[in-house]
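This report refers to the structure that appears directly beneath it.
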Amino acid sequence: MRAVKILTIAWMALIILTPGRLIRAQDATTSLPATKVPEPAGANAPTFSHRSARYVLRPGDSFDLAFDYTPELNQTVTVQPDGFINLREVHDIRASGLTTPELMDAIRADYAKILTNPVISITMKEFDKPYFIADGQVAKPGKYDLRGDT
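Numbering follows my numbering, with no gaps: position 103 of the sequence shown is 436.
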């Protein structure tokens with residue numbers, strides 16, 4: 334009887350998490366059923382790409398754009414609801430769906446039209462952090478940030 338209690342507690346405590354999914358044990362006598370948490374649609378799509386697990390920009394994200402040799406062009410940029418960003422001195426760029434290195438290449442290419450070999454850096458400020466949702470028979474159900482490797 335004690336072994337069953339320990340096993341039941343262990344199964345209830347076991348939560349295997351991946352972004353957008355929650356797999357949980359319901360009791361010690363059944364295998365782990367996969368319970369898919371509904372994934373958000375549209376603007377709330379997953380924010381990590383399969384391209385080397387890099388963060389993919391989406392509307393609402395903001396970042397600092399810094400120019401090493403032309404600080405007058407430094408700016409804080411927010412990805413607009415239509416997916417574009419507005420930049421000083423050059424045309425708008427579609428940023429939604431790009432990783433940070435891809436966006437940096439696109440920005441560098443646009444500023445290369447007016448600057449000689451622009452040196453830029455992007456520092457993310459606000460973005461959708463990865464999270465998981467624990468529900469069911471757990472002590473504290475809710476939304477939790479993923480920190481580190483799971």
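Think of the CB as a built atom: it goes at the ideal place given N, C-alpha and C, for glycine as much as any other residue. Bear in mind the structure is a predicted one, so any value in this text is a computation, not a measurement.
Under the assumption that residue i contacts residue j (Cβ atoms under 8 Å), give the Cβ distance between them as a whole number of angstroms.
i, j, result
"R441", "P451", "6 Å"
"V423", "D443", "4 Å"
If we ignore side chains and look at the alpha-carbon of each, how far apart do residue i and residue j end up?
i, j, result
"P474", "T449", "54 Å"
"V389", "L431", "5 Å"
"D438", "R480", "29 Å"
"A399", "P414", "23 Å"
"N407", "E459", "17 Å"
"I426", "G416", "8 Å"
"A428", "L436", "6 Å"
"D478", "D468", "14 Å"
"T409", "I447", "20 Å"
"I453", "P404", "10 Å"
Taking only three categories from DSSP, how would you classify residue i?
i, result
"D438", "helix"
"Y444", "helix"
"E405", "helix"
"T456", "strand"
"T411", "strand"
"T433", "helix"
"D461", "coil"
Quick one: what's got a C-beta closer than 8 Å to residue i's C-beta in the same chain, skipping five residues either side?
i, result
"A445", "P451"
"Y456", "Checking the displayed sequence, the identity of residue 456 turns out to be Thr instead of Tyr. The residues are F396, D397, A399."
"N419", "V410, Q413, D425"
Tell me, please, which residues DSSP counts as bridged to residue i.
i, result
"G475", "A467"
"V389", "T432"
"R427", "F417"
In its own chain, which residues sit with a C-beta less than 7 Å from the C-beta of residue i, not counting the 5 before and 5 after it?
i, result
"K476", "Y464, I466"
"P392", "A376, V412, Q413, P414, G416, S429"
Spatial neighbours of residue i within its chain, please: CB distance less than 6 Å, with the 5 preceding and 5 following residues excluded, ordered by chain position.
i, result
"D484", "Since the displayed the chain opens at 334 and closes at 483, residue 484 lies outside it and no answer follows."
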